[in-house]
Structure formats: C-alpha cells, structure tokens
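Read through the structure below, which is laid out as structure tokens, and then see the notes.
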Amino acid sequence: MGKTFAGNAKRNDADGAFVFKNYEILKAHGYFSAMIPVELDGGGMSHAKVCNIIRIIAHYCGSTALAFSMHQHLIAANVWKYKHKGEAAAMLQNVAKHQLVLVSTGARDWLESNGEMEKAENGYLFSAKKHFASQSIAGDIAVTSAPYQNPQGQWSVLHFAVPMRAPGVSVLDDWNTLGMRATGSNTIVFDKVLVPDAAIVLDRPRSGFHPVWDVVLTVAMPLIMSAYVGIAEKSMEIALNIGKKYQRNQKHLPYIMGKLNNALLSAQAQWQPCIR
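Numbering-wise (the working numbering), the sequence shown opens with residue 6 and increments by one.
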C-alpha cells in the first residue's frame, strides 16, 4: 500500500487533490476501524500499533498519514469511552460496518469553541464556520462543538456529531497550504443545521479546562505526532542518501548529518513512551 501511496503523493500535492484513492485502499482493508474492539466488529488493534501504522504511512505519503490520524484520534477517544464508561458502542459499530470517516473540528474549537446554537423544538439550530478540518472533503461525520447561552444567561459549550450530508452542511474549496494540500483540510460551513437533543454528548462550562481534554489530548497527540515522526524519519533517510553521494562532499557534512541523526533519535525517544 505504501508504494501505491508514494506513487500518488507528488501528483496529489501538485494538483491540490485529496488522497481519495489512498483512502479507498485503507477502507478496503478495514483500517478505519483498526482500533475499534473486535466485539464491535473492529480490528482490535492497540493504540500503540495504530500509532506505528500512521508513522509508517508517513514514510510514503505525509498527507495520508496526517489526515488518517485525525480520524483515528476520534476513534481512540470513543474507544476509551466504550471501555471505561460503556458508551459509544453503536457509533463505533457503525464506523466499522461502513468504514466511515470522522472529521474533527477541534483545531478551531479548543476551549471556548465558536459558532451559534439557537434553541429549537427537540434540539438546536447550529451555525458556524470551522476552519482547518482535516479530511473534511472526504468526511462522513463531523465531530464538533459550539457555545450556547441558556435562558438564564449562562454560557456552556455543547459537543455533538453532525452528518456531513445533513441539510445546511457544506465544505468550502479554500485549502491550498504548502506541503499539506492533499490533506483536504477545507473549511466546513454549518448553516442552521438541526442538532437533536439526543445528539448532545457533552455540556461543559465555556471557561476553564474540562476533564474531557485529559482524555482527548492523551489519546490524540501520540497519533497525530506519529505522522510527523514518520515524515522526519523519511526526510532524514533522503538527506543521508543524498549527502553520501554529494559530489562536493565537504568535511562539514558528516558533522551536520550527525546532528540530524541525533535530533531524530531524541524525537523518537520522546515519542516511544507516549504511544505506550
């Protein structure tokens, strides 16, 4: 698979095209449910093993690895909920059955989130623009949040999921970032999208840190950083191979290569405990 991804990478970046073909291959082999427990029809892989899969994919296509990690960190958080609270089983089974792609808007949301929630009958009308939503162009479900002021004037942040094909959801063509064009991190626009009351999975205070981030950040960052570790490893390999054959192999090159190697070893040493 990696060789196929590498063959597509240059063309995808040049065209600014998402890695659709690579995603189809990953879906065909069940990788979007790799971390989901076996009893929920998933692959039952460990968090550490999926981190390593992402790292290896990054050797061939950094965009595929990074976009894929954004799906996997949402899966990891829900696997934690399933194992520790007995929640999210139906959602995980649905992902496994259909190889659904989950899209996080967390890079834009963070603590206070953004957007508007207007109370409606049996739910809310949600409006917002969520930037930097990796793989949004190929997503099936957006996992997002928005601030809400209740009738008593108190602010909170509501967390929920929205089908990307729901009425009022659209994806802009506004992503053309150097080296990351193929991640498809286009802006998602929500225009008065109906969010049922039953879809709200968390209602937290808008100010201050909430324990939910203890779970999300702990499972997410090793997966996301695995893509960057893989990119760094491959970059060093390319640099060393070029350096060894460099016609003007000046005396300072071994010193620079040594520093490069030590820097990568240090990064790997910090990464390994995180994925365990």
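All C-beta atoms, glycine included, are put in the ideal place defined by N, C-alpha and C.
A residue is called buried once 16 or more other Cβ atoms fall within 10 Å of its Cβ, and V43, having fewer, is exposed. Comparing C-alpha distances from C279 to each of F25, M6 and N57 shows the shortest one belongs to N57. Taking 3 residues as the shortest admissible run, the segment 197 to 223 contains the following complete beta strand (DSSP E) segments, listed from N- to C-terminal end: 207 to 210. The distance from the Cβ of I146 to that of M169 is about 6 Å, consistent with a contact at the 8 Å cut-off.
L163 counts as buried, since no fewer than 16 other beta carbons sit within 10 angstroms of its beta carbon. DSSP, read as helix, strand or coil, puts G21 in coil. DSSP places G7 within a helical segment (H, G or I) once states are collapsed to three. It is roughly 6 Å from the alpha-carbon of V176 to the alpha-carbon of T192.
Under the three-state reduction of DSSP, F137 is assigned to coil, being neither helix nor strand. If you look at T149, you'll find it in the beta strand (DSSP E) that goes I146 to Q154.
Taken through DSSP and simplified to helix, strand or coil, Y28 comes out as helix. When rounded, the separation of the alpha-carbon atoms in H34 and I59 is 15 Å. With a threshold of 16 other beta carbon atoms within 10 Å, S150 meets it and is buried. Our two residues, K102 and G48, have alpha carbons roughly 12 Å apart in a direct line. In this structure, C66 sits away from V106, with a CB-CB distance that is not shorter than 8 Å.
The three-state secondary structure of E44, taken from DSSP, is helix. Note that the C-beta distance between I41 and V108 is not below 8 Å. In this structure, G128 sits near L199, with a CB-CB distance shorter than 8 Å. A check of alpha carbon separations from M230 across Q98, K264, Q140 and Q275 identifies Q275 as the nearest. The way I'd put it, the segment 212 to 231 does touch the segment 70 to 89; three or more beta-carbon pairs between them come closer than 8 Å. Cβ contact annotation for A237 (same chain, cutoff 7 Å, sequence separation greater than five): L269 and A272, in chain order. Contact between I62 and F73 holds, with the beta-carbon distance rounding to 7 Å and staying under 8 Å. For P278, the enclosing alpha helix (DSSP H) starts and ends at H257 to I280. The beta carbons of A204 and F165 sit about 4 Å from each other, so the pair counts as a contact at 8 Å.
Taking C-beta atoms under 8 Å as the contact rule, G189 and Q140 qualify, at a distance of about 5 Å. Annotation: M185 is outside any beta strand (DSSP E) and is labelled neither H nor E by DSSP. Here H34 carries a coil assignment [DSSP, helix/strand/coil]. Distance from H64 to K249 at the Cβ level is roughly 19 Å; contact not present, criterion being Cβ atoms closer than 8 Å.
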